[in-house]
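The opening position of the sequence shown corresponds to residue 900 in the working numbering, with each subsequent residue numbered one higher.
Here is the structure we will look at, set down as structure tokens.
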Amino acid sequence: MDSITLKSHAKVNIGLRVLDQREDGYHNIHTIFQELAFHDTVTISKTDDDYELSSNDENFPKDSSNTCSKAYVAVKVHCPDITGIKIHVKKEIPQGSGLGGGSSNGATTLKGLNELYGLGLSNDELTELSLQVGADVPFFIHGGTQLGEGIGEQLTQLDIEFPHQYW
900 MDSITLKSHA KVNIGLRVLD QREDGYHNIH TIFQELAFHD TVTISKTDDD
950 YELSSNDENF PKDSSNTCSK AYVAVKVHCP DITGIKIHVK KEIPQGSGLG
1000 GGSSNGATTL KGLNELYGLG LSNDELTELS LQVGADVPFF IHGGTQLGEG
1050 IGEQLTQLDI EFPHQYW
């Protein structure tokens, strides 16, 4: 397999309580995350080049601050045998909307690299790597409906049946 294309889902916070600010600048929170069907599309391809990031959105950051770039670096440090990579993100989730598009793109990159290279990393290992990428990224490793605490990295899967599926 030379490339993989994956959906990178949005999320909503069903209620959000912002608690105290931590020394690292983040705030502790208490929230329920809900994964949505709405998504970006992430394509990861093996290349002979080192690393390239592109998007259909001209405002999409393509530097080291991007969660896809951070995810690539986290996996590359963990698995140095990874060769050149091209990542293309087809954006549908509006940037800065609070729907977690960037965090989702980072998690999708982690999962995509794991699958493309057959790294065999478990969801627990991917979650550990995701902590290096961003606060909401761990949620997107598992998706679904989850209670989020801490900065959003302390997750408890919830089995809630909603009477109407709006997402």
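For glycine and all other residues, C-beta sits at the position ideal for the given N, C-alpha and C.
Query	Result
Residue nearest to leucine 1025 in terms of C-alpha spacing, selected from Ile984, Glu1052 and Ser963	Glu1052
Residue nearest to serine 1076 in terms of C-alpha spacing, selected from Glu1048, Lys945, Ser963 and Asp939	The displayed coordinates of the chain run from 900 to 1066. Any statement about residue 1076 would go beyond what the structure contains.
Close-in-space but distant-in-sequence residues of the same chain around histidine 987 (CB under 6 Å, 5 per side omitted)	Thr942 and Ser953
Alanine 936 in three-state terms, based on DSSP	strand
Lysine 989 to leucine 1018 span [Cα, whole Å]	25 Å
DSSP-derived helix/strand/coil call for lysine 906	strand
Lysine 985 beta carbon less than 7 Å from that of serine 1029	no
Secondary structure, beta strand (DSSP E): runs of 3+ residues fully inside the stretch 954-986	none
Span of the beta strand (DSSP E) around leucine 1025	Unbroken run through leucine 1025 is the alpha helix (DSSP H), 1022-1029; no beta strand (DSSP E).
Under 7 Å between C-beta atoms of isoleucine 1067 and leucine 1046	Here the chain comprises residues numbered 900 to 1066, so residue 1067 is not present and cannot be evaluated.
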